[in-house]
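J.: Sharing a structure, written as structure tokens. Questions coming.
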Amino acid sequence: MPAASVIFGLPPMLVATLVLAVTYAAIISERVNRAVVALLGAGIMILCGVLDQKEALAGIDFNTIALLVGMMILVAITRRSGVFQFVAVWTAKLVKANPAGILVMLQVVTALFSALLDNVTTVLLVVPVALVITEQLKIRPWPFLVAMIFASNIGGTSTLIGDPPNILIGSATGLSFNDFAMNLAPVIVGIQAVTIGVFHLVYGRALNASPEARAKVMGMSARAAITDMVLLRQSLAVLAVVIGAFVFAHPLGLEPGTIALVGAALLMLLYCLGRDAESQSREINRIFGEVEWITIFFFIGLFVVVRGVEVAGVLHWLAQHLMAVTGGDRAVTAMLILWASAILSAVVDNIPFVATMIPLVKSMAPTMGGDAGLEPLWWALSLGACLGGNGTLVGASANLTVAGMAERAGHPVRFMPFLKVAFGLMLLSVAIASLYLWLRYL
Numbered sequence: 001m002p003a004a005s006v007i008f009g010l011p012p013m014l015v016a017t018l019v020l021a022v023t024y025a026a027i028i029s030e031r032v033n034r035a036v037v038a039l040l041g042a043g044i045m046i047l048c049g050v051l052d053q054k055e056a057l058a059g060i061d062f063n064t065i066a067l068l069v070g071m072m073i074l075v076a077i078t079r080r081s082g083v084f085q086f087v088a089v090w091t092a093k094l095v096k097a098n099p100a101g102i103l104v105m106l107q108v109v110t111a112l113f114s115a116l117l118d119n120v121t122t123v124l125l126v127v128p129v130a131l132v133i134t135e136q137l138k139i140r141p142w143p144f145l146v147a148m149i150f151a152s153n154i155g156g157t158s159t160l161i162g163d164p165p166n167i168l169i170g171s172a173t174g175l176s177f178n179d180f181a182m183n184l185a186p187v188i189v190g191i192q193a194v195t196i197g198v199f200h201l202v203y204g205r206a207l208n209a210s211p212e213a214r215a216k217v218m219g220m221s222a223r224a225a226i227t228d229m230v231l232l233r234q235s236l237a238v239l240a241v242v243i244g245a246f247v248f249a250h251p252l253g254l255e256p257g258t259i260a261l262v263g264a265a266l267l268m269l270l271y272c273l274g275r276d277a278e279s280q281s282r283e284i285n286r287i288f289g290e291v292e293w294i295t296i297f298f299f300i301g302l303f304v305v306v307r308g309v310e311v312a313g314v315l316h317w318l319a320q321h322l323m324a325v326t327g328g329d330r331a332v333t334a335m336l337i338l339w340a341s342a343i344l345s346a347v348v349d350n351i352p353f354v355a356t357m358i359p360l361v362k363s364m365a366p367t368m369g370g371d372a373g374l375e376p377l378w379w380a381l382s383l384g385a386c387l388g389g390n391g392t393l394v395g396a397s398a399n400l401t402v403a404g405m406a407e408r409a410g411h412p413v414r415f416m417p418f419l420k421v422a423f424g425l426m427l428l429s430v431a432i433a434s435l436y437l438w439l440r441y442l
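Using UniProt numbering, count along the sequence shown one by one with no gaps and you end on 442.
Take a look at the structure:
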């Protein structure tokens, strides 16, 4: 008998649900640091007996943690070369230092990078650029950060490697990079275009930089922003190797986290060459001090909390009951998978939910006309899980990564203000995806 039922006289499923609800309520309240809340929630899951310590460790996605730490180190070192200031000035001058134009450009670049890399890596690379631009123009970075969160999750939906749920689905079904691109990219382009339009209408016209600030930016030399040409060459070379390895990670049998950590170690080695031992220790301490440890430990705690919900059977129970109401109708099933995935992925991590749904969707093959008949369901699952991550600040890894970087820079992205903007826009994107699925496949 699980310890949870012994301690509380309640089934583990109920205890896990209560712990999840209290954890999220505390995160939303923002009265206690979110990392502390998540770690306490994780500890309660273990102490209540919902999880044992081995299961808790198994729930931590160390690939994501390694990816975050590795890329944060790469960004911390690369920043010292001045390259982010260079890109910021170049981007701003390209659109005459017009904030509305910069808002559009950053969304397009973020979406494209997220399709080719993954959304967490992308935001780690582009958010520093946005922060530099907004600081130079003396405008609020909040609209830019929220727009980039949306662009990262939307763009990542379009390819096999852009978002972890797609990797899970591709591995389980044999669907290729081209399959994802051909079936999802068309609707993703449309959704991103609509999202850019919405952000322009809501924020673009109100983003006004003073003529003096714009003139100052236009007078800047992008080339002068580079402060260390040797480090720039080293950083770009290592980043190019890391990004290339990301693209070929799946056929090479390598995890992105492994690639990021090896790349970080290599760049640290290059950065330390020629320094004495004392200087090396001082610089490495500074670099590690720039890692967003609050974000890292928040992820660790949240992974354990969600693992408790998964082990207790909550996700499986939800998935089974959702599938039971469709009556085997493919169109109804696809729509239900899409919307349920979107709503649930806004609340819990989409990876365990997708992992739970995959065998259930596979089991429907006999009633859907074989494996070929399941294809619309896979696209529904992918679109719902990936787009749903935009619904709340805790809905996707990229969201929390941006929030951590913004908080360190003194521009925190809060849960409720984000929710007020994001949830409705997420529903709009899922509605567009529904129309696309209905017209093309159902």
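Positions of the beta carbon are idealized from the N, C-alpha and C atoms, including for glycine.
1) Identify whether E30 lies in helix, strand or coil by the three-state DSSP scheme.
2) Evaluate contact between the region 205-218 and the region 146-153, counting only Cβ atoms and requiring at least three cross-stretch pairs below 8 angstroms.
3) Could you tell me if R330 is buried or exposed, where buried requires 16 or more neighbouring beta carbons within 10 angstroms of its beta carbon?
4) As a quick exercise: from A433, K420, R408 and A380, pick the residue whose alpha carbon is nearest that of N166.
5) Whole-angstrom Cβ separation of D228 and D163, contact assumed at under 8 angstroms?
6) Let me know if D52 comes out buried or exposed under the rule of 16 or more other beta-carbons within 10 Å of its beta-carbon.
7) Checking 9 angstroms against the spacing of the C-beta atoms, do S382 and F180 come in under that value?
8) If I358 sits next to L168, beta carbons under 8 angstroms apart, how far is it from one beta carbon to the other, in whole angstroms?
9) So, using beta-carbon positions, are V87 and T110 closer together than 9 angstroms?
10) Can you find the residues in the same chain that come closer than 6 angstroms, C-beta to C-beta, to F199, ignoring five residues on each side of it along the sequence?
11) According to the Cβ coordinates, are L67 and G257 closer than 9 angstroms?
12) Give the straight-line distance between the Cα atoms of G289 and M416, rounded to the nearest whole angstrom.
13) Alpha helix (DSSP H) containing S152: first to last residue?
14) My guess is that T195 and L425 are in contact by the Cβ rule of under 8 angstroms, so how many angstroms apart are they, rounded?
15) Can you list, in chain order, the residues of its chain whose CB lies under 7 angstroms from that of A409, leaving out five sequence neighbours each side?
16) Which residues in the same chain as P412 place their Cβ atom closer than 8 angstroms to its Cβ, once the five residues preceding and following it in sequence are excluded?
17) Which residues in the same chain have their Cβ closer than 8 angstroms to the Cβ of G155, if we skip the five residues on either side of it in sequence?
18) Count Cβ pairs between the region 301-310 and the region 264-281 that sit closer than 8 angstroms; are there 3 or more?
19) When the Cα of M182 is compared with those of F246, E375 and A431, which residue comes out closest?
20) Pick out whichever of G190, K54 and G274 has its Cα sitting closest to the Cα of V230.
21) Helix, strand or coil for K138, going by three-state DSSP, please let me know.
22) Measure from the alpha carbon of L315 to the alpha carbon of each residue in S345, I77, V332 and R205, then state which is nearest.
23) By the three-class DSSP mapping on this structure, what secondary structure does E290 have?
24) Along the chain, where does the alpha helix (DSSP H) that runs through V332 open and close?
25) Counting Cβ pairs closer than 8 angstroms, one from the region 228-248 and one from the region 61-81, do we hit at least three?
26) Between I60, G70, L20 and G41, which has its C-alpha nearest E292's C-alpha?
27) Counting Cβ pairs closer than 8 angstroms, one from the region 52-61 and one from the region 201-210, do we hit at least three?
28) Among T392, R440, A324 and A433, which has the Cα closest to the Cα of F418?
29) State the DSSP-derived secondary structure class of K93, mapped to helix, strand or coil.
30) With H, G and I counted as helix, E and B as strand and the rest as coil, what does DSSP make of V50?
31) Please go through the same chain and pick out, in chain order, the residues whose beta-carbon is closer than 7 angstroms to the beta-carbon of I296, but skip the five residues on each side of it.
T.: To lay it out plainly:
1) Taking the sequence shown and counting its residues from 1, the one referred to as residue 30 is at position 30. Annotated three-state conformation of E30 is coil, per DSSP.
2) No contact exists between the region 205-218 and the region 146-153.
3) Reading the sequence shown from its first residue, position 330 is the one you call residue 330. R330 comes out buried.
4) If you number the sequence shown from 1, residue 166 lands on position 166. With distances taken between Cα atoms, N166 lies closest to A380.
5) Here residue 228 refers to the residue found at position 228 when the sequence shown is read from its first residue. Here residue 163 refers to the residue found at position 163 when the sequence shown is read from its first residue. Contact between D228 and D163 fails: their C-beta atoms lie close to 34 angstroms from each other, not under 8 angstroms.
6) As a working note, residue 52 is residue 52 in the sequence shown. Around the beta carbon of D52, a 10 Å sphere encloses fewer than 16 other beta carbons of the protein chains shown; the residue is thus reported as exposed.
7) For the purposes of this step, residue 382 is taken as residue 382 along the sequence shown, with counting starting at 1. For the purposes of this step, residue 180 is taken as residue 180 along the sequence shown, with counting starting at 1. For S382 and F180, yes; Cβs fall inside 9 angstroms.
8) Translated into the one-based positions of the sequence shown, residue 358 becomes position 358. Translated into the one-based positions of the sequence shown, residue 168 becomes position 168. Indeed they touch by this definition, with Cβ atoms about 7 angstroms apart.
9) For the purposes of this step, residue 87 is taken as residue 87 along the sequence shown, with counting starting at 1. For the purposes of this step, residue 110 is taken as residue 110 along the sequence shown, with counting starting at 1. No; because the gap between Cβ atoms is not below 9 angstroms, this pair is not in contact.
10) Translated into positions along the sequence shown, residue 199 becomes position 199. Cβ neighbours of F199 beyond the five flanking positions: A147.
11) Against the sequence shown, residue 67 aligns to sequence position 67. Against the sequence shown, residue 257 aligns to sequence position 257. For L67 and G257, yes; Cβs fall inside 9 angstroms.
12) Counting from 1 along the sequence shown, the entry for residue 289 is found at position 289. Counting from 1 along the sequence shown, the entry for residue 416 is found at position 416. Each residue's alpha carbon lies about 29 angstroms from the other.
13) The residue given as residue 152 occupies position 152 in the sequence shown. From DSSP, the alpha helix (DSSP H) with S152 extends over W142 to G156.
14) By one-based count along the sequence shown, residue 195 stands at place 195. By one-based count along the sequence shown, residue 425 stands at place 425. Contact holds; Cβ gap of about 7 angstroms.
15) Residue 409 sits at position 409 when you count from the first residue of the sequence shown. Same-chain partners within the cutoff: L131.
16) As a first step, residue 412 is located in the sequence shown; it is residue number 412 there, counting from the start. Excluding residues within five positions, the ones whose Cβ falls inside 8 angstroms are A403 and A406.
17) Locating residue 155 in the sequence shown gives position 155, where the first residue counts as 1. Within the same chain, G155 has close Cβ partners T110, A111, L112, F113, S114, A115, N119, T122, G162, I188 and Q192.
18) As far as the Cβ criterion goes, the region 301-310 does not touch the region 264-281, which means the pair count is below three.
19) Residue 182 sits at position 182 when you count from the first residue of the sequence shown. Distances from the CA of M182 to each of F246, E375 and A431 were compared; the closest alpha carbon is that of E375.
20) As a working mapping, residue 230 is identified with position 230 in the sequence shown. Sorting G190, K54 and G274 by C-alpha distance to the C-alpha of V230 places G274 at the top.
21) Counting from one through the sequence shown, the residue named residue 138 turns up at place 138. Correct three-state label for K138: coil.
22) Position 315 of the sequence shown holds residue 315. When only C-alpha atoms are compared, the closest one is S345.
23) Taking the sequence shown and counting its residues from 1, the one referred to as residue 290 is at position 290. Here E290 sits in coil by DSSP.
24) Here the question's residue 332 lines up with position 332 in the sequence shown. Taken as a continuous stretch (DSSP letters only), the alpha helix (DSSP H) holding V332 covers R330 to S345.
25) At 8 angstroms Cβ cutoff, the stretches touch.
26) As a working mapping, residue 292 is identified with position 292 in the sequence shown. Selected option, being the one with the closest Cα: G70.
27) Short answer: they don't touch.
28) By 1-based counting over the sequence shown, the position of residue 418 is 418. The shortest Cα separation from F418 among T392, R440, A324 and A433 belongs to T392.
29) Numbered from 1 along the sequence shown, position 93 holds the residue referred to as residue 93. Residue state for K93 is assigned as helix, using DSSP reduced to three classes.
30) Position 50 of the sequence shown, counted from the first residue, corresponds to residue 50. DSSP places V50 in coil when its eight states are reduced to three.
31) Sequence index remark: in the sequence shown, residue 296 carries index 296 (1-based). Within the same chain, I296 has close Cβ partners I65, L68 and V69.
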